[in-house]
Amino acid sequence: VLLIVPIVGGLLIIGLQSGFGNLQLPIPVLGDEWVETITLGDFFAKSAAMFLVWYCALISIVLLLSVVVRNEFINLAAGAVLVFAEFAYISRGLGYREPIENYPTTYAQIGHVISNMRNYYYETAAVTWSFGSLLLLATAGVCLLVTLLISLNKRYKLV
Numbered sequence: 004v005l006l007i008v009p010i011v012g013g014l015l016i017i018g019l020q021s022g023f024g025n026l027q028l029p030i031p032v033l034g035d036e037w038v039e040t041i042t043l044g045d046f047f048a049k050s051a052a053m054f055l056v057w058y059c060a061l062i063s064i065v066l067l068l069s070v071v072v073r074n075e076f077i078n079l080a081a082g083a084v085l086v087f088a089e090f091a092y093i094s095r096g097l098g099y100r101e102p103i104e105n106y107p108t109t110y111a112q113i114g115h116v117i118s119n120m121r122n123y124y125y126e127t128a129a130v131t132w133s134f135g136s137l138l139l140l141a142t143a144g145v146c147l148l149v150t151l152l153i154s155l156n157k158r159y160k161l162v
């Protein structure tokens, strides 16, 4: 919430001063054989949806770590590693050799995922917006379920 309120406020202020623009502008997206286009409104909607899903997955993973580890520094470090972990394995053409689409950190660069630049870089067609959203939702769901199961254990009760 603390990140979304300033962004929305800033967009509204800038939009009221300069105009909101045309959401029908074409945005290039790499297709299978040639460049296709989607509208700017579609790009913004997909970006906002994937940002919220990524944000929920990040919070659920850090919540699980806070219940299991109970150390604030490890929670902070794990959150930073989740956001920047892609740089540890990033390599051109890696998608041809490895199932790179199954790593949640592959979808951290939301704009590249939506425009299919990640597919071009990794040389795979499997890194898509829809699969990334489902993978991040499944990750968040599993982490929240494990957190719930751990919290029901009497060892982790506060009283």
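Per this note's numbering, the sequence shown starts with residue 4, numbered consecutively. Heads up, the beta-carbon is just placed ideally off N, CA and C, and yes, glycines get one too. Keep in mind the model is a prediction, meaning the values are calculated, not measured.
Cβ separation of residue i and residue j, assumed to be a contact under 8 Å, to the nearest whole Å
i: F134; j: E104; result: 6 Å
i: L55; j: T42; result: Wrong, their Cβ atoms sit about 20 Å apart, outside the cutoff.
i: T109; j: E126; result: Not quite, the Cβ-Cβ distance comes to about 13 Å (not below 8 Å), so this is no contact.
Residue i classed as buried or exposed, judged by whether at least 16 other C-beta atoms fall within 10 angstroms
i: R73; result: exposed
i: N156; result: exposed
i: P31; result: exposed
i: P107; result: buried
i: A143; result: buried
i: V130; result: buried
Nearest neighbour of residue i, chosen from the options [CA to CA]
i: L139; options: R158, Y125, S21, Y58; result: Y58
i: K49; options: Q112, R100, V70; result: Q112
i: V86; options: L61, L68, V71; result: L61
i: L67; options: V56, A81, S136; result: A81
i: N78; options: S63, D45, W132; result: S63
i: D45; options: N122, L26, F54; result: L26
i: G22; options: T131, C146, L14; result: L14
i: V84; options: V65, V70, R100; result: V65
i: L151; options: E89, V70, Y123; result: V70
i: G114; options: I17, G12, M53; result: M53
i: A51; options: I17, R158, I10; result: I10
i: Y123; options: Q20, I17, V8, V38; result: V38
_contact_flag[the region 118-132, the region 33-51] where n(CB pairs < 8 Å) is 3 or more_ = yes
_Runs of alpha helix (DSSP H) wholly within the region 48-135 (minimum 4 residues, chain order)_ = 75-87, 89-92, 97-100, 113-117, 120-125
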